Amino acid sequence: MKTYAACEPVPVYRVLAEDGSLVGEAPDLSGERLVELYRWMVLTRIFDQRALNLQRQGRIGTYAPFSGQEAAQIGSFAALDPQDWVFTSYRELAGVMFHGFPMETALLYTMGHPEGTKSPADRRIFPVQIVIAAQLLHAVGAGWACRLRGERSIATAYFGDGATSQGDFHEAMNFAAVFRIPVVFFCQNNFWAISVPFTKQMATPTVAQKALAYGMEGVLVDGNDVLAVYAAMKRAVDRARAGEGPTLIEAVTYRLGPHTTADDPTRYRDEAEWRKWRDERDPIPRFRKFLETRGLWSEEEERHWQEEAKRRVEEAVVRAESYPKPNPASVFDHVYGTVPPDLARQKAAFERRMNRREGRE
Amino acid sequence: MKTYAACEPVPVYRVLAEDGSLVGEAPDLSGERLVELYRWMVLTRIFDQRALNLQRQGRIGTYAPFSGQEAAQIGSFAALDPQDWVFTSYRELAGVMFHGFPMETALLYTMGHPEGTKSPADRRIFPVQIVIAAQLLHAVGAGWACRLRGERSIATAYFGDGATSQGDFHEAMNFAAVFRIPVVFFCQNNFWAISVPFTKQMATPTVAQKALAYGMEGVLVDGNDVLAVYAAMKRAVDRARAGEGPTLIEAVTYRLGPHTTADDPTRYRDEAEWRKWRDERDPIPRFRKFLETRGLWSEEEERHWQEEAKRRVEEAVVRAESYPKPNPASVFDHVYGTVPPDLARQKAAFERRMNRREGRE
Amino acid sequence: MKELTVIQAIHDAMRLAMERDERVMLLGEDVGKNGGVFRASEGLQERFGEHRVVDTPLAESAIVGTAVGLAVAGMRPIAEIQFLGFIYEAMDQIASQAARIRFRSYGQYTVPLVIRAPYGGGVRTPELHSDSLEALFLHTPGLKVVTPSNPYDAKGLLLAAIEDPDPVLFFEPLKLYRAFRAEVPEDWYTVPIGKARVVAEGTDVTLIGWGPTVPVIAQAAKRLDEERGYSCEVIDLRTISPMDTDAIVASVEKTGRAVVVHEAVLSGGVGAEVAARIQERAFFSLEAPVVRVTGYDTPYPVPSIEDVWLPDVERVMAAVEETMRI
Amino acid sequence: MKELTVIQAIHDAMRLAMERDERVMLLGEDVGKNGGVFRASEGLQERFGEHRVVDTPLAESAIVGTAVGLAVAGMRPIAEIQFLGFIYEAMDQIASQAARIRFRSYGQYTVPLVIRAPYGGGVRTPELHSDSLEALFLHTPGLKVVTPSNPYDAKGLLLAAIEDPDPVLFFEPLKLYRAFRAEVPEDWYTVPIGKARVVAEGTDVTLIGWGPTVPVIAQAAKRLDEERGYSCEVIDLRTISPMDTDAIVASVEKTGRAVVVHEAVLSGGVGAEVAARIQERAFFSLEAPVVRVTGYDTPYPVPSIEDVWLPDVERVMAAVEETMRI
Ligand SMILES: Cc1ncc(C[n+]2csc(CCOP(=O)(O)OP(=O)(O)O)c2C)c(N)n1
Ligand SMILES: Cc1ncc(C[n+]2csc(CCOP(=O)(O)OP(=O)(O)O)c2C)c(N)n1
Ligand SMILES: [Mg+2]
Ligand SMILES: [Mg+2]
């Protein structure tokens, strides 16, 4: 009896070796653009480290760091147009900020400010999704709307390896394939879902091969190789725009930090594994070596940019910390388009209470 | 860029050709057992037709006929042990009755009698599942319990092509693969989910290949070939019992009748397609021809069995129709192990009301 | 004006909305070629095409979740859940997603989505096809929950739901789909969401129902008038959330007595909220406790038992007697 | 006797149960190696092995659904949902499956399953980590819903839940996990499911709360006594379903006034059911309407706002003042 047992493995797509040397076809990007990507990888890494620091000082709340995943995020967002729809989880800040989400808004979010989810008006960045995998369906719907409305735009969904276990992942993939929706599913396989390792999350060697269950194309890419990621995403985005349907991309990467600031990875993660990823596979030095070899970047530029990036992050911190405090009564304003009568009564009572409190204070 | 694009197709496993001639390796079954399977196929077909008839006369309620799918069901149940766990949807009555579920209980169910779901004490047949795909998770749990308790038993889940679109299908497959649960997922692909055809349900050519997304074995079998189905199921059951993990079986078959007695398939189904399946692919004549060639069955035995089967069905109808009417107050008895105080008050009030009613009538 | 059934009125509303607004589309299981298992969308796919009347794969979370994305990105989807009992599969997409996206985005993104689902008992369906689950959604801010009891309201409320900028759950009492006909204007009109309707005025006791129980309480009121001379005020809530507390309170202030009737089980049902609000806002008008006549606290029973389990005219009459005696 | 926190008491109960009964097992996200994100199961995997303390893939419907199968087939699973806000993903498996299998099978199959989930606000979590959803399950016959407010009850109720032959939802107020310690017997004991506890006796007004609001009403009672001389009876409901109506009614018959306090949003909350039952069964004892002090009818707000959104001691005191003035 012949059965479906295992599928022919596909090699991980890679453009840069771990030492930064070219081992594949470099995508068609100008030197300027390459440097821009690099700058953003550095800037967001600095942002991330600063945010961890602010959390320790109690200046922001729970924070989910993305260090180690900059190439996967920035490389893939680099292939998007400003009007493409973006649906992410909580760990895609590097990509989202590169795409135009202000750093201070990102900080406001972690400070628990209600305006911390607002996308710039000229972008279509959806608020952070907390429910694992729920955003994949929204992306399918948004991509579908783009096609129905005759827009050029496509939709993207970002999620982790853990998200692939959810029913919503499956249903989204199936709908996207059946209706050939212009959507790209971008999975950052960082090998951990909090404390659950990849090998306990699924019994397959890759996420990418799951595409075979849907009649969709699955791409396996080195997520710490910004050029490979860009190329894979560009191809998927182009296919989606051309009406050729959805793609599932698995970008193999690693979360260097804790799951969130409330997590202690030493409880479950092998130190040697972590050290290997940190010391040998960090996407930033890898890309830097490539740029330096090409004469696109220098020690001096690095020093300069490190300072400049820190300054930008600090400015964002200042802007976020001096942002007007929220009006608590605003909680009643965005439940419905129009506040219904009973809710208006609750709001009035709430405001009276707030006023009395203030009077007392 | 090499991608996961399509997988190598696997041929449909088949033992009997459509004309009943042997084209594969016949499984190791005695002549007696072969005849038993055939008898059950005929008996359940007669049951099914009679049930449709009873529904039209208003003697039973909504009924979901299985005609056309007898080989898939009886062939697969034939590979089970009495103590294996059975979790089905509403369309597996042929298999379940063959496995020991009394015909009159099946009729009680369609009559809306609360005792219509009760499994014989020496079987582990779970009540019919109405929520599409929910039973797959129960099967995984039951199979898991068997292993934890050191039982030889395994669990099976039966479902349709439509069920594969549900999140619960995906989550069950993944859990089963990750924990290597002794469970067999048996999908009867009958090409229709009410009015939605297979090609709108998914973008893959098969259900079986979905196994590749889970690291599980996927088997594609001709569901109208009772011997092929038996062989495929036997293999999967043996593997599960031996600790080799779960299997997904796709049995390709066809629902010859309406979705349920409330459905009118002429609204959505091509008559030619239906006619082809009815006239050329019916599993019963196909198997009969095989038996006749082997000298295991004759015209005379057929006539005799047809009568005997009708008699058995009629007896079941009589038993069901003369079964004691349910006590409506029993509705309060199986909500919890012990009736809580407020519910006991509701029950008392209900009984008073019923008594008053009876007094009036 | 034509005389239509509830299901025809629903069909009419969808047709009109799709004619008038290109963004309106319908998606769900069997809604296209088959026209819906109750024929609510009969002929709509032929008329508006497969892109606007979409047969989906069998997955409720995806039906609602993709509809959320469609709505956010500029469409006006109507998502059908084949029976309300299957809505649990889409709970996260409804309660954590559709309901909260306006709030989560500080008003930047909105979800103008209608979710239609038939519900209610009395028609001998298999398990889980008759459950009344409206209470679950009363507890989720950001949702509106609407249920018509007659053809006029069915069309007017559905058009209001389609126009609404927020997610509206539109629950259709399946027992009433073809129970009777009534005059329905051919043109576009809306029945405002959030407003109850006084079906009959009265002075002795207020009967409150919605969807499938409205004919029950109307009938009980009639018989109580004829047989006992009681004057019942009959209120059809029409909108479960946001609830028209003012209308309920105004009535009970007049009558001093209230009976609330729903098919859903008693505990945690909408009747509890109605009773709580009445005693909060009309305490000193109340002459007797608010009585609830509802399904019992058991799962919805099998067909052979459902008729005696459901609230019926006799139970409502007995409850009124009880409250009038106090 | 040792002094334990709530989370230690929960840990203790699970350890004891796993020692005593081989069929008891724990499954969920991060419950094994990591010991749970709140450390409820710290060290249990090391002690009882990977087969009994199981880190699952990230899928709530599967966690509950497989646990249903495990329970039916002879195990005694405890399924953990990492935060109650994610329970929507498992709604069908809870409400249509676990809750109904005894009923569906006419008593043949049962589901002795415990579902644990932390809930409640006040600790600055991200979105959907603080929602109180107990009311959703009050409306589902076949389920029991339990929530402790102190270490003693936490252990005793959890052991009762594990012994129970039916599915029990065990909701843990995460704000109280480490808020204080109290004496907890080292041995096995149970606190009966379905029984409320009178935390403090009083004669003027009954304060009713559960889980995270119990310390709030206890504190309010103390201050009302000290500052105003009001004698408050404080009731910890402990079990949401089946509700201990008798205890509530007995108290209100004595005090004539009631204030019910929960973090969940007002509409459709458990407070509505409590108010409805009080007015049904203690109508003539009531001197004032039952007052509800709850979350507002909005989604749970962001951390910078939650403190003023949640019911607090001052709001409870104001509500008592209000009801005492009547
Ligand atoms: C439905 C749901 N269940 C559980 C959680 C709790 N939770 C938050 S993050 C996380 C792990 C996610 O892992 P993965 O998808 O790999 O993303 P990563 O954090 O690695 O980026 C879990 C279990 C949640 N947010 N939503
Ligand atoms: C969760 C859920 N959604 C919808 C339905 C309504 N429904 C009943 S059967 C069916 C089609 C099932 O098709 P398939 O899985 O192929 O099984 P078949 O009927 O062909 O045996 C649908 C949509 C349901 N019972 N449960
Ligand atoms: Mg991960
Ligand atoms: Mg089918």
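Protein chains in written order, with the working numbering: chain A, 246 to 606; chain B, 246 to 606; chain C, 599 to 924; chain D, 599 to 924. C-beta atoms are modelled at their ideal positions from N, C-alpha and C, and glycine is treated no differently. Since this is a predicted model, take the numbers as computed values, not measurements.
Given a cut-off of 8 Å on the beta-carbon distance, is the pair residue i and residue j in contact?
i, j, result
"Gly663 of chain C", "Leu493 of chain A", "no"
"Glu770 of chain C", "Ala697 of chain C", "no"
"Asp587 of chain B", "Pro790 of chain D", "no"
"Lys592 of chain B", "Ser703 of chain D", "no"
"Arg650 of chain D", "Met612 of chain D", "no"
"Arg397 of chain B", "Arg486 of chain B", "yes"
"Asp483 of chain A", "Val257 of chain A", "no"
"Arg875 of chain D", "Thr843 of chain D", "yes"
"Pro765 of chain C", "Val580 of chain A", "no"
"Val863 of chain C", "Asp895 of chain C", "yes"
"Thr505 of chain A", "Asn434 of chain A", "no"
"Pro797 of chain D", "Asp834 of chain D", "For the sequence presented, residue 797 of chain D should be read as Val rather than Pro. In this structure, Asp834 of chain D lies closer than 8 Å to Val797 of chain D by Cβ."
Only counting the same chain, and skipping five residues up and downstream in sequence, which positions put a Cβ closer than 8 Å to that of residue i?
i, result
"Ser575 of chain A", "Pro359"
"Ile679 of chain C", "Gly626, Glu658, Ile661, Val662, Ile685, Ala688, Ile713, Arg714, Ala715"
"Val268 of chain A", "Arg259, Val260, Leu261, Ala262"
"Trp330 of chain B", "Arg369, Phe371, Ala384, Ala387, Gly388, Cys391, Ser398, Ile399, Ala400, Thr401"
"Val847 of chain C", "Arg875, Ile876, Arg879, Ala880"
So, for residue i: in the same chain, excluding its five sequence neighbours on each side, which residues have a beta-carbon less than 7 Å away from its beta-carbon?
i, result
"Cys252 of chain A", "Gln454, Leu457"
"Phe322 of chain B", "Gly340, Phe343, His344"
"Ala665 of chain D", "Leu625, Pro675, Ala677, Leu711"
"Ala758 of chain C", "Thr788, Val789, Pro790, Ile791"
Skipping 5 residues on each side, what residues in its chain have a beta carbon closer than 6 Å to that of residue i?
i, result
"Arg700 of chain C", "Thr708"
"Leu299 of chain B", "Ile305"
"Ala845 of chain C", "Ala794"
"Arg653 of chain B", "In the structure displayed, chain B extends from 246 to 606; residue 653 of chain B sits before or after that span and is not available."
"Tyr335 of chain A", "Ala309, Val373"
Chain F partners of residue i, CB-CB under 8 Å?
i, result
"Tyr707 of chain D", "In summary, chain F is missing from the structure at hand, where the protein chains are A, B, C and D."
**Prompt:** Within the chosen definition, does the stretch 300 to 320 of chain B reach the stretch 361 to 369 of chain B through at least 3 CB pairs nearer than 8 Å?
**Reply:** The stretch 300 to 320 of chain B makes no contact with the stretch 361 to 369 of chain B: fewer than 3 CB pairs, one atom from each, lie closer than 8 Å.
**Stretch-stretch touch, CB-based, cutoff 8 Å, three pairs: the stretch 873 to 889 of chain D with the stretch 843 to 858 of chain D** = yes
**Asked** Which of the residues in the stretch 312 to 346 of chain B, read from start to end, lie with their CB under 9 Å from any CB of chain D?
**Response** Of all residues in the stretch 312 to 346 of chain B, only Trp330, Phe332 come within less than 9 Å of chain D when Cβ atoms are compared, listed by chain position.
**Message:** So if I threshold CB-CB distances at 9 Å, which residues from the stretch 773 to 784 of chain C count as touching chain B?
**Reply:** For the stretch 773 to 784 of chain C, which is checked against every Cβ of chain B, not one residue is closer than 9 Å.
**Asked** Can you find at least 3 beta carbon pairs, one from the stretch 593 to 606 of chain B and one from the stretch 600 to 616 of chain C, that sit closer than 8 Å?
**Response** With a cut-off of 8 Å, the stretch 600 to 616 of chain C and the stretch 593 to 606 of chain B do not count as touching, because too few Cβ pairs lie within range.
**Asked** Can we say the stretch 723 to 741 of chain D touches the stretch 894 to 910 of chain D, given the rule of at least three CB pairs closer than 8 Å?
**Response** yes
**Prompt:** When the Cβ atoms of the stretch 427 to 438 of chain A are set against those of the stretch 564 to 578 of chain A, are three or more pairs found closer than 8 Å?
**Reply:** no
**Message:** Check whether the stretch 632 to 639 of chain D and the stretch 382 to 398 of chain A touch, using three or more Cβ-Cβ pairs below 8 Å as the test.
**Reply:** no
**Prompt:** If we count Cβ pairs, one from each stretch, closer than 8 Å, do we get three or more for the stretch 727 to 734 of chain C versus the stretch 817 to 824 of chain C?
**Reply:** no
**Asked** Listed by chain order, which residues have C-beta atoms less than 6 Å from any heavy atom of ligand 4?
**Response** B:Gly405, B:Asp406, B:Gly407, B:Asn435, B:Trp437, B:Ala438
**Prompt:** Per the contact definition of three or more C-beta pairs closer than 8 Å, is the stretch 776 to 793 of chain D in contact with the stretch 742 to 749 of chain D?
**Reply:** yes
**Message:** Closer than 8 Å is the cut-off here; do at least three beta carbon pairs connect the stretch 525 to 533 of chain B with the stretch 314 to 325 of chain B?
**Reply:** yes
**Message:** For the stretch 844 to 852 of chain D against the stretch 869 to 884 of chain D, do three or more pairs of beta-carbon atoms, one drawn from each stretch, fall closer than 8 Å, so that the two count as touching?
**Reply:** In short, these stretches touch, since the Cβ pair count reaches three.
**Segment contact flag, the stretch 889 to 896 of chain D with the stretch 751 to 764 of chain D, C-beta cutoff 8 Å, min 3 pairs** = no
**Prompt:** Listed in chain order, which residues of the stretch 453 to 484 of chain A have Cβ atoms closer than 8 Å to some Cβ of chain B?
**Reply:** Per Cβ criterion, the list reads Ala453, Gln454, Lys455, Ala456, Leu457, Ala458, Tyr459, Gly460, Met461, Glu462, Gly463, Val464, Leu465, Ala476, Ala477, Arg480.
**Prompt:** Which of the residues in the stretch 650 to 661 of chain C, read from start to end, lie with their CB under 7 Å from any CB of chain B?
**Reply:** Asp653, Pro655, Leu656, Ala657, Ser659
**Where the stretch 687 to 720 of chain D meets chain B: residues whose CB sits under 8 Å from a CB there** = Asp690, Gln691, Ser694, Gln695, Ile699, Arg700, Phe701, Arg702, Ser703, Tyr704, Gly705, Gln706, Tyr707, Thr708
**Item:** Contacting positions in the stretch 831 to 856 of chain C - beta carbon closer than 9 Å to chain A
**Value:** Ser839, Pro840, Met841, Asp842, Thr843, Asp844
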